[in-house]
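A.B. asks: Structure in structure tokens, see below.
In full-length UniProt numbering, the protein residues as written are 1 to 98.
This is the structure in structure tokens:
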């Protein structure tokens, strides 16, 4: 779970592994190992990653699933207002066709 989430967050910010490594104060190989699920970061680094991406450590570890009473958040980072409105239209359409 962590590997997928950190890769998704990095790519959503349009950062390379090298750029993320520099911002976190680690080597590129650490980021690569995290994304390939070879190793996990230390607790301190996990907190630093969560702070950098402005997410919880529970989110990074996949511990946030279904804890919000069925409410899920959709990350629309990097999308235009028009794209977001299209997504909202699709969601509204699904709700009306239950």
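Ideal placement from N, C-alpha and C gives every residue a C-beta, glycine not left out. Please read all numbers here as calculations on a predicted model, not as lab measurements.
Between 91, 13, 43, which has its C-alpha nearest residue 78's C-alpha?
C.D. replies: As a first step, residue 78 is located in the chain shown; it is residue number 78 there, counting from the start. Closest by alpha carbon: 13.
A.B. asks: Using the C-alpha atoms, what's the distance from residue 92 back to residue 7?
C.D. replies: Looking up residue 7 in the chain shown gives position 7. Looking up residue 92 in the chain shown gives position 92. Those two C-alpha atoms are separated by around 29 Å.
A.B. asks: Would you call the region 43 to 51 and the region 9 to 29 touching, i.e. three or more CB-CB distances under 8 Å?
C.D. replies: In short, these stretches touch, since the Cβ pair count reaches three.
A.B. asks: Mark residue 63 as exposed unless 16 or more other C-beta atoms lie within 10 angstroms of its C-beta, in which case mark it buried.
C.D. replies: Working through the chain shown from its first residue, we reach residue 63 at position 63. That one is exposed.
A.B. asks: Report all residues from its chain with a CB closer than 8 Å to the CB of residue 15; omit the five preceding and five following residues, and keep chain order.
C.D. replies: Numbered from its first residue, the chain shown carries residue 15 at position 15. Around residue 15: 23.
A.B. asks: Assign residue 49 to buried or exposed, taking buried as 16 or more other Cβ atoms, counted over all protein chains shown, within 10 Å of its Cβ.
C.D. replies: Numbered from its first residue, the chain shown carries residue 49 at position 49. Buried, since its Cβ has 16 or more Cβ neighbours within 10 Å.
A.B. asks: Return the chain-ordered list of same chain residues with a C-beta closer than 8 Å to the C-beta of residue 33, the five sequence neighbours on each side being excluded.
C.D. replies: Locating residue 33 in the chain shown gives position 33, where the first residue counts as 1. The answer, listed in chain order, is 39.
A.B. asks: For residue 18, which residues of its own chain have a beta-carbon under 6 Å away from its beta-carbon, when the five flanking residues on both sides are left out?
C.D. replies: Stepping through the chain shown from its first residue, residue 18 is reached at position 18. Excluding sequence neighbours, residue 18 sits near 28.
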